[in-house]
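Participant:
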Amino acid sequence: MNNSEDLERLAEAEIRLSYFLAEQIKNSTTYFGYPEVPENNDLSILGISSLAKLHLNNAGDPWVHGNAKMHTKEFEQEALDFVAHLYGIEDNYWGYITSGGTEGNLYGMYTGRDYLANQGKRPVFLFSSSSHYSIPKNAHLLGIKALQVSAQTSGEMDYDDLAKKLKTIENQDGIIVNLNLGTTMTGAMDSLTQINTVINDLGIPRDRVFIHADAALMGFIYPFLENAESLFENGVNSIAISGHKFPGAIHPCGIVLSQKKVHDIAFGENWVPYVGTKDTTISGSRNGFLALNLWYIFQKKGIQGFRDEGMQCIENAKYLTQKLKDMNYPDVFHFPNQIIVTFKNPIPALVRKYQLATQGDMAHVVVMQHITKSRIDSFCKDLMKNIV
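At position 8 of the sequence shown the residue is numbered 8 (full-length UniProt numbering), and the sequence of numbers has no breaks.
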């Protein structure tokens, strides 16, 4: 950089970034409608560390380091072990750090498809109408025949309709079922027990069934719920969780886990000589800095930290629900043990100010860690002044 034009361009870039930073900090204080933590000071040490300037590529399998040495696979393994421990499968799993929930769902469905196909079964995929938009998109990408199951008013799966749809599937076909542990708009959770009851009542052999759990938002809260079902002991074969939602990573990322025996049947070895590792991942090259993000959060919070934060968020969601009901605000709904509260759409100005997600006449607040009771009070005051 050796002339005035270069210096001027750099100065303009730094000024622009300063304005952008101020704008985003302001936006973070009213980030109510989407399930991310908009700012996480826990991770500032990584952002300013020398690690942030390194090329860290976790190419391929997390357990095979490969030819290159610039990676964070040892941290990725520890992060995956932490999650596997939460779900009681630390001795029987395979997984990796993904780019986000969509990739995690894609991988679970991909695993189910090939697991069944390698046993001579044509897979048919069933998902409820309340599922995340990535679910039917992924079915299309994978070329899987998909059947949509109706949802109850709450967003939970309609199990009678599930039975009807299952009866239309031919006996030689395999079945992949998507289990929602927190739907996008209402946070509704499907019942694994009810799904298993339907499958058993129809006499469908378990070797024809693969269940994938989409736990994008609730993955780090669900294990602590009082009546939580033991997923992998009761038929779940894979799970996808977002890392940039409740855990609080500041970059989009996620975790996907599957039973090791299922993974091995689906994919085998898949050795890639060029990189010196196995690779059954979708993305191949993967951002090693994301694994550091999650590993550091897990070290900082620990299991008790996630338990405490999850219970506090549920408590704050109940607080918001009661505040809205006390105001006689229309159409307030809170699914039990959830952190999403739905209500009638407010005026457009408030939708924009609080960055609310809307669907039809419904809006929601996702009560993440940064949605404190004082912020809830301010939000409700704004709603009270503008009830439509």
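Where a beta carbon is used, it is the ideal one built from N, C-alpha and C, also for glycine. Note that the structure is predicted; figures quoted are calculated from it, not measured.
Are the Cβ atoms of alanine 215 and leucine 181 separated by less than 8 Å?
Facilitator: Against a cut-off of 8 Å, the Cβ pair of leucine 181 and alanine 215 comes out as a contact.
Participant: Quick one: residues in its chain with C-beta nearer than 8 Å to the C-beta of alanine 79, no 5 flanking neighbours on either side, listed in chain order?
Facilitator: Taken in chain order, the residues that qualify are Ile97, Ile255, Ala291, Leu294, Trp295, Phe298.
Participant: Give me the Cα-Cα distance between serine 154 and valine 341, rounded to the nearest whole angstrom.
Facilitator: Their Cα atoms are separated by approximately 12 Å.
Participant: Looking only at its own chain, which residues have a Cβ that is under 6 Å from the Cβ of proline 62, when we skip the five neighbours before and after it?
Facilitator: Excluding positions up to five away in sequence, the list reads Lys73, Glu76, Gln77, Tyr96.
Participant: Under DSSP, the alpha helix (DSSP H) around residue 389 begins and ends at which residues?
Facilitator: Since the displayed the chain opens at 1 and closes at 388, residue 389 lies outside it and no answer follows.
Participant: So who's on the other strand from tyrosine 96, going by DSSP bridges?
Facilitator: For tyrosine 96, which the question treats as bridged, DSSP gives the partners Val256.
Participant: If you count every other CB in all the chains shown that lies within 10 Å of the CB of glutamate 36, and 16 or more means buried, which is it?
Facilitator: Buried, since its Cβ has 16 or more Cβ neighbours within 10 Å.
Participant: Whose CA, out of Leu43, Asn3, Asn58, lies closest to the CA of arginine 286?
Facilitator: Closest by alpha carbon: Asn58.
Participant: Taking 8 Å as the threshold (C-beta atoms), are tyrosine 133 and glutamine 355 in contact?
Facilitator: In this structure, tyrosine 133 does not lie closer than 8 Å to glutamine 355 by Cβ.
Participant: Entirely within the stretch 319 to 365 and at least 4 residues each: give me those alpha helix (DSSP H) ranges in chain order.
Facilitator: If we require 4 residues or more, the alpha helix (DSSP H) runs fully inside the stretch 319 to 365 come out as 348 to 353.
Participant: According to DSSP, simplified to helix, strand and coil, what is glycine 104?
Facilitator: Helix.
Participant: Residue ranges of each beta strand (DSSP E) run of no fewer than 3 residues wholly in the stretch 14 to 101, ordered along the chain?
Facilitator: If we require 3 residues or more, the beta strand (DSSP E) runs fully inside the stretch 14 to 101 come out as 93 to 98.
Participant: Determine the burial state of tryptophan 94: buried for a count of at least 16 other Cβ atoms within 10 Å of its Cβ, exposed for fewer.
Facilitator: The residue in question, tryptophan 94, is buried, as its Cβ has 16 or more Cβ neighbours within 10 Å.
Participant: Would a C-beta distance cut-off of 8 Å place leucine 147 and valine 177 closer than the cut-off?
Facilitator: In this structure, valine 177 does not lie closer than 8 Å to leucine 147 by Cβ.
Participant: What's the call for threonine 168, buried or exposed, on a 16-neighbour Cβ count within 10 Å?
Facilitator: Per the 10 Å Cβ criterion, exposed.
Participant: Would you mind working out which of Gly60, Glu315, Leu320 sits nearest proline 273, comparing C-alpha positions?
Facilitator: For the residues Gly60, Glu315, Leu320, the minimum Cα distance to proline 273 belongs to Gly60.
Participant: Glutamine 359 and methionine 185: beta carbons closer than 8 Å?
Facilitator: Yes.
Participant: Alpha carbon to alpha carbon, how far is histidine 71 from lysine 301? Give it in angstroms, no decimals.
Facilitator: So the two alpha carbons sit approximately 24 Å from each other.
Participant: Would the beta-carbon of phenylalanine 267 fall within 8 Å of that of leucine 116?
Facilitator: Their beta carbons are not under 8 Å apart, which means phenylalanine 267 does not touch leucine 116 by this criterion.
Participant: Taking all protein chains shown into account, do 16 or more other C-beta atoms lie within 10 angstroms of the C-beta of histidine 55, making it buried, or fewer, making it exposed?
Facilitator: Result: exposed.
Participant: Does the stretch 309 to 321 come close enough to the stretch 367 to 382 to have 3 or more Cβ pairs within less than 8 Å?
Facilitator: With the cut-off at 8 Å, the stretch 309 to 321 and the stretch 367 to 382 touch.
Participant: Give me the Cβ distance between isoleucine 314 and isoleucine 339, rounded to the nearest whole Å; I'm assuming they're in contact under 8 Å.
Facilitator: With a Cβ gap of about 6 Å, isoleucine 314 and isoleucine 339 count as contacting.
Participant: Keeping to the same chain, check which residues put their C-beta closer than 6 Å to that of lysine 353; ignore five residues upstream and five downstream.
Facilitator: So the list reads Thr30, once near-sequence residues are dropped.
Participant: Apply the 10 Å Cβ neighbour rule to leucine 217 and answer buried if 16 or more other Cβ atoms are within range, or exposed otherwise.
Facilitator: Label assigned to leucine 217: buried.
Participant: Taking all protein chains shown into account, do 16 or more other C-beta atoms lie within 10 angstroms of the C-beta of alanine 11, making it buried, or fewer, making it exposed?
Facilitator: Per the 10 Å Cβ criterion, exposed.
Participant: So what's leucine 147 in DSSP terms, helix, strand or just coil?
Facilitator: Strand, per DSSP.
Participant: Cα separation between glycine 284 and serine 99?
Facilitator: Whole-angstrom Cα-Cα distance: 11 Å.
Participant: Would the beta-carbon of methionine 327 fall within 8 Å of that of methionine 384?
Facilitator: Their beta carbons are under 8 Å apart, which means methionine 327 touches methionine 384 by this criterion.
Participant: For the alpha helix (DSSP H) containing proline 123, name the first residue and the last one.
Facilitator: It is not in any alpha helix (DSSP H) - proline 123 instead sits in the beta strand (DSSP E) that spans 123 to 128.
Participant: Could you tell me if the beta carbon of lysine 165 falls within a distance shorter than 7 Å of some heavy atom in the ligand GDP?
Facilitator: Ligands are entirely absent from the displayed structure, and the ligand GDP is therefore not among its contents.
Participant: How far does the beta strand (DSSP E) with isoleucine 175 in it reach, from first residue to last?
Facilitator: Note, isoleucine 175: beta strand (DSSP E), 174 to 180.
Participant: Could you please give me the residues that DSSP links to isoleucine 239 through a beta bridge?
Facilitator: Ala213, Leu257.
Participant: In angstroms with no decimal places, state the Cα-to-Cα distance between leucine 202 and leucine 162.
Facilitator: In a straight line, the C-alpha of leucine 202 is about 11 Å away from that of leucine 162.
Participant: Considering only residues of the same chain and omitting the five flanking positions on each side of serine 129, which have a CB-CB separation below 8 Å?
Facilitator: Same-chain partners within the cutoff: Gln148, Val149, Ser150, Ala151.
Participant: Would you check if the distance between the CB atom of lysine 260 and the CB atom of asparagine 92 is smaller than 8 Å?
Facilitator: In contact: lysine 260 and asparagine 92 (Cβ atoms closer than 8 Å).
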